[in-house]
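Report on the structure given below.
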Amino acid sequence: MGRILSIDYGKKRTGLAVTDPMQIIANGLTTVSTVDLWDFLQNYCKKEGVERIIMGKPTQPNGLPSENMGRVENFYNRWRKAHPEIPIEYYDERFTSVIAHRAMIDGGVKKKVRRENKGLVDEVSATIILEDWMSSHRY
1 MGRILSIDYG
11 KKRTGLAVTD
21 PMQIIANGLT
31 TVSTVDLWDF
41 LQNYCKKEGV
51 ERIIMGKPTQ
61 PNGLPSENMG
71 RVENFYNRWR
81 KAHPEIPIEY
91 YDERFTSVIA
101 HRAMIDGGVK
111 KKVRRENKGL
121 VDEVSATIIL
131 EDWMSSHRY
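In our numbering, the protein residues as written are 1 to 139.
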């Protein structure tokens, strides 16, 4: 078994989360600058044995694609072409940022930390995407 990695792709920053090698637990990995994402993922996947990538599909509450969908599709298609050995699939990411903010507040993360560390919400969002995907794919 290999790790499963999730991506909360943003215009400036991208949050990442990953499972343990047994695919039991999802943990936040990091937030990277989106311009550095490709290189980061290529290195990480090679080093850590990533088996699958789950990419948040940016959708509006009404089900229509969000303004970020074009950028996400470009990355998704580029990855599929360059790395057919590591499948990538979309997963609905609606409301993950709202849930991430709420989780951080409920977890006691101070307002100053939330304001100064904007990447933290992206990482938590990626973790929520991965946890949701995992729970919908367990038997």
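Glycine is no exception: its CB is placed at the ideal position from the N, C-alpha and C atoms.
Predicted model, so just to flag it, every value in this text is computed and none were measured.
Taking the alpha helix (DSSP H) that Met-69 falls in, what are its first and last residues? 69 to 82
Taking Glu-48 as part of the alpha helix (DSSP H), name the residues at either end of that continuous run. 37 to 48
What residue does the beta strand (DSSP E) around Gly-28 start on, and which one ends it? 26 to 33
Kindly list the residues whose CB is nearer than 8 Å to the CB of Tyr-9, restricted to its own chain and excluding five residues on each side of it in sequence; keep chain order. Thr-34, Leu-37, Met-55, Gly-56, Pro-58, Asn-68, Arg-71, Val-72, Phe-75
Taking all protein chains shown into account, decide if Ile-129 is buried (16 or more other Cβ within 10 angstroms of its Cβ) or exposed. Per the 10 Å Cβ criterion, buried.
Which stretch, first to last residue, makes up the beta strand (DSSP E) that contains Ser-66? Where Ser-66 is concerned, there is no enclosing beta strand (DSSP E), given that its DSSP letter is neither H nor E.
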